[in-house]
Amino acid sequence: MAPASAEGGGLFDFSSVTANSTQSTSRIQWIRSAMDATEQARRTGKPLLILVNNRNSPPGQSIESTLVLQPEFKKLTEENYVPLYMDFSDKATADSDFYQAFKDRLNVRGYPTVLVTLPDGVEVMRLSGYKNENEVAYMLKLRESVASSQRAIEARRKRLLPGGYRAWTDKKGVVVYAKLDKADANMLHLTTEWGTTFTTFTNRLSAEDQAWIESERAKRQPAQPDAS
Numbered sequence: 002m003a004p005a006s007a008e009g010g011g012l013f014d015f016s017s018v019t020a021n022s023t024q025s026t027s028r029i030q031w032i033r034s035a036m037d038a039t040e041q042a043r044r045t046g047k048p049l050l051i052l053v054n055n056r057n058s059p060p061g062q063s064i065e066s067t068l069v070l071q072p073e074f075k076k077l078t079e080e081n082y083v084p085l086y087m088d089f090s091d092k093a094t095a096d097s098d099f100y101q102a103f104k105d106r107l108n109v110r111g112y113p114t115v116l117v118t119l120p121d122g123v124e125v126m127r128l129s130g131y132k133n134e135n136e137v138a139y140m141l142k143l144r145e146s147v148a149s150s151q152r153a154i155e156a157r158r159k160r161l162l163p164g165g166y167r168a169w170t171d172k173k174g175v176v177v178y179a180k181l182d183k184a185d186a187n188m189l190h191l192t193t194e195w196g197t198t199f200t201t202f203t204n205r206l207s208a209e210d211q212a213w214i215e216s217e218r219a220k221r222q223p224a225q226p227d228a229s
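The working numbering puts the sequence shown at residues 2 to 229.
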């Protein structure tokens with residue numbers, strides 16, 4: 002199922018700005034564009050792990066040379082989060098009104114700051130500052146944040162149930178939580194729980210979801226008169 006576009010909204014509404022992007026040198030495949038990262042989070046439903054850093058500062062260098070290089074950190078981040086990196090030692094980032102405003106929106110007051118947020122910007126966890134001896138404690142907090150994020154998402158989904166949202170599964174096993182906006186003959190128009198709209202062919206869905214669609218269509222058909 003291929004989402005078409007993301008709608009703005011909430012803390013991460015970038016509909017009227019343009020952001021810069023730089024290359025990552027970390028072992029993690031960091032996304033360096035805030036708009037790209039938040040759009041991916043809204044599309045996939047994964048929370049964001051945001052590292053706001055200044056690699057010229059001693060704490061910024063420490064986190065880069067210890068925690069960020071740990072295989073466990075890489076595995077946890079790439080399996081559970083959309084990773085966004087903002088480095089304010091980079092001149093283009095530091096001079097960007099967009100990134101300065103984004104940093105203020107996140108209420109970042111020092112480097113490094115590690116944040117876990119839901120795709121709409123709701124904060125789940127924050128770690129501020131860093132010393133080498135923080136590595137074990139930070140990993141513990143990050144592991145805990147996976148469960149905390151999932152609990153927050155599940156609670157949000159329960160609140161969305163009355164609005165017609167449900168889990169959709171395609172034939173590859175990919176699950177998207179969304180509501181059905183319109184069903185054409187062979188095409189469905191949906192909106193994900195985070196506001197991303199997309200279309201998909203009905204025959205790309207699981208057999209269970211195709212059966213659900215047919216059931217809903219049957220409910221909406223006018224009753225046939227009794228021939229007797």
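Backbone N, C-alpha and C define an ideal beta-carbon position, used for all residues, glycine too.
- For F202, the three-state secondary structure derived from DSSP is strand.
- With respect to T67, N133 sits close: the two C-beta atoms are nearer than 8 Å.
- The C-beta distance from I64 to L85 rounds to 15 Å, too long to fall under 8 Å, and the pair is not in contact.
- With a threshold of 16 other beta carbon atoms within 10 Å, A102 falls short and is exposed.
- In this structure M188 is exposed. Its beta-carbon is surrounded by fewer than 16 other beta-carbon atoms within 10 angstroms.
- Remark: C-beta atoms of P120 and R28 do not approach each other more closely than 8 Å.
- Judged by DSSP secondary structure, R44 falls outside any beta strand (DSSP E) and instead within the alpha helix (DSSP H) spanning A35 to T45.
- The C-alpha of A35 lies about 36 Å from the C-alpha of I214.
- Cβ-Cβ distances below 7 Å link S146 to V117, V125 and M126 in the same chain, with the five nearest sequence neighbours on each side left out; the list follows chain order.
- Rounded to the nearest whole angstrom, the C-alpha separation of T170 and L77 is 24 Å.
- Where E124 is concerned, the enclosing beta strand (DSSP E) starts and stops at E124 to S129.
- Under the three-state reduction of DSSP output, V147 falls in the helix class.
- One thing to note: L181 has its Cβ within 8 Å of the Cβ of G165.
- Look at P120 here: in three-state DSSP terms it is coil, with no helix or strand label.
- Residue pairing from DSSP places M188 in a beta bridge opposite F202.
- Around V83, the same chain offers A38, Q41, A42, K47 and L49 as residues with beta carbons nearer than 6 Å, after the five sequence neighbours per side are excluded.
- Scanning N81, F99 and Y112 for the CA closest to the CA of N57 turns up Y112.
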